[in-house]
Amino acid sequence: MEATTLVRGRYVLEGLDGDRPLVHEDAAVLLNGDKVSEIGPFDTLKDRNPGAKIVGTAESAVIPGLINAHHHIGLTPLQLGSPDHPLELWFASRLALRDVDLYLDTLYSAFEMIASGVTTVQHLHSRAPGGPEQILHAAGEVIRAYRDIGMRASYSIALRDQNRLVYESDEAFLQRLPESLRPEMAEYFRRFTMPLDEQVAVFGDLHGAYKGEPRTRVQLAPANLHWLSDAALEAAAEMAERFDVPMHMHLVETPYQKIYAQKRTGGTAFAHLHRFGLTGPRMTIGHGTWMTEADIELCADTGTCLCHNCSSNLRLKSGIAPVNRYLERGVAVAIGIDEAGINDDRDILQEMRLVLRMHRVPGHGSPFPTPPQVLRMATEHAAKTTPFAAEIGRLSPGLAADLTVLDWRAVTRPYQSGDIPFVDVLVQRAKSTSVRSVMVAGELIYDDGRFTRVDRDAALDEIEARLAAPLTEAEERRRALAREVFPYVAAFYADESWAVRPEKPFYRWNDRA
Ligand SMILES: [Zn+2]
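Just so we're aligned, residue 446 is where the sequence shown starts under the numbering used here, counting upward by one.
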């Protein structure tokens, strides 16, 4: 018989009942293979399971594995040469990004996520060039990295059939360019253009290929309103129904996207999705920074989830999402680090703290997210936005044994008053340097600073060696193209019809005025 495992802690957090943490002291989680079998007093469970392997100590804290509900790439755009422009201009500067091996790239951010306690990622693959074969190969490389490192992953490839650079058709944008730039830009668009029916077929193939995988699932990602024709919105709704999969869709990330929706539909982006049957518990809105009061109400009424990408919104000048309003309305809010957090890495503990602090609106009686609410965003609510919804996000018996063990002494040394509840200390003080072990499906994938399945140093050396090579001809050309096209992208939004005039100072966006 296989030896059982006991994961021990001074504190074991089972999950949250609403916003009330379920904390067990001097306890342990008893595993049964890849699942949680029981949580109880450590001494009792140890007596009953004398041969059990013990993970953690009497000074540990054991929490459900954290979930990054919105992720795209490994090496960050900043690392690859694109500074933090406002989103619409950043699309242009990102043309210059270097070609990075997808397998190594995926490992790179997986190292950062896991080391900060993340066990599950929502990987939204934004763009891969080529036809169905190349797309499936690219997906395979990303998924292979997650499987090799042992991480749980929900994978999706963006559905996108129009407006590939600015918020108008590719053909119309090409006409804005001088003739000398058109062929190269047209070629770029062509590389990233695939007919809608082929994209639907690719999804079917991908979904079928990973069916029954314990740690990998494939779901849908209709990219964003401006990237999708009404036909593509219909296709997304049809596929979600047919395959019974969740969807994650960027929406009103910036004020320009709000204006775009107004121009296209005469109303809001979210109301437009609702008309296509795209709202509901299967749908998670990524960002939702510029949803109106009525949108937020509809979001709550339909059970649509929100993924809050706080760092990304700050870095790309997108705005501050009305998170307090979503919470007040009872919307399930998840946390996503998006491209990268404010330290240009993928540290979920830091991102949680940023969310905790960002929405503390001035005024003694003003609403603000509490530490348990923020923890729930990175556990149960994030779980809800993935195909693993009912299996992860808590450590209750029968659920997946995905957990993170922290050195609680390192978190609290030299002193922590007992008047402050466990979860409040966890969310406000825990750093990734205190993460000791990370377990997915009952398997230790990170232990004492070491990844158990993949050699981090070797992977980083390999990335370093490959990128030390001079830019390839194709990379040099894209770099030049990004610089040459940038002013035309900026000019497109300089038109009066795109003028953004915040009516209130940004710090008041959350209040009731
Ligand atoms: Zn994103």
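The beta carbon of each residue, even a glycine, is placed where N, CA and C say it ideally should be.
Any non-hydrogen atom of ligand 1 within 7 Å of residue i CB
i, result
"G460", "no"
"L759", "no"
"G731", "yes"
"H695", "yes"
"D783", "yes"
"H517", "yes"
"L840", "no"
"L569", "yes"
Bridge partners - residue i, DSSP secondary structure assignment
i, result
"I602", "H570"
"N477", "K480"
"P509", "L848"
"C752", "G731, A779"
"K708", "Its beta-bridge partners do not exist; DSSP assigns none."
"S877", "DSSP, once it has assigned bridges, lists no residue as partnering S877."
"E470", "Y456"
"M630", "According to DSSP, M630 bridges with nothing at all."
"T450", "L476, K498"
"F896", "Y891"
"H693", "T729"
"H516", "H568, D783"
"V930", "Paired residue(s): none; V930 is not in a bridge."
"S882", "V850, D892"
Counted within 10 angstroms of its Cβ, other Cβ atoms place residue i as buried (16 or more) or exposed
i, result
"S942", "exposed"
"N758", "buried"
"I559", "buried"
"R453", "buried"
"G649", "exposed"
"E624", "exposed"
"Q818", "buried"
"K708", "exposed"
"L523", "exposed"
"H582", "exposed"
"P700", "buried"
"Q664", "buried"
"D900", "exposed"
"T734", "buried"
"A958", "With a pLDDT of 40 at A958, under the threshold of 50, the modelled position of this residue cannot be trusted; read the value that follows with caution. Looking at its Cβ environment, which holds fewer than 16 other Cβ atoms inside 10 Å, A958 is exposed."
"S879", "buried"
"G403", "There is no way to answer for residue 403, as the model of the chain reaches only from 446 to 958."
"S561", "buried"
"Q620", "exposed"
"S505", "buried"
"K829", "buried"
"T521", "buried"
Inter-residue Cα distance where the pair is residue i and residue j
i, j, result
"S882", "Y891", "5 Å"
"A603", "D615", "18 Å"
"A777", "F487", "33 Å"
"A590", "G808", "47 Å"
"E907", "L547", "13 Å"
"T449", "D893", "21 Å"
"A944", "L761", "17 Å"
"G810", "R597", "40 Å"
"T815", "E773", "12 Å"
"I508", "L840", "8 Å"
"V545", "I865", "45 Å"
"E836", "G460", "13 Å"
"V885", "E784", "23 Å"
"L844", "A716", "36 Å"
"F919", "V690", "The amino acid occupying residue 919 in the given sequence is Ala; Phe does not appear at that position. Cα-Cα distance, rounded: 37 Å."
"A875", "T747", "35 Å"
"A681", "Q795", "34 Å"
"A654", "L552", "21 Å"
"L540", "V587", "21 Å"
"A666", "G496", "46 Å"
"M692", "R720", "16 Å"
"T729", "D940", "32 Å"
"V868", "L467", "10 Å"
"G463", "G731", "23 Å"
"L511", "A745", "24 Å"
"Q702", "Q579", "30 Å"
Heavy atom of ligand 3 within 7 Å of residue i beta-carbon
i, result
"E504", "Of the ligands this structure carries, namely ligand 1, none is ligand 3."
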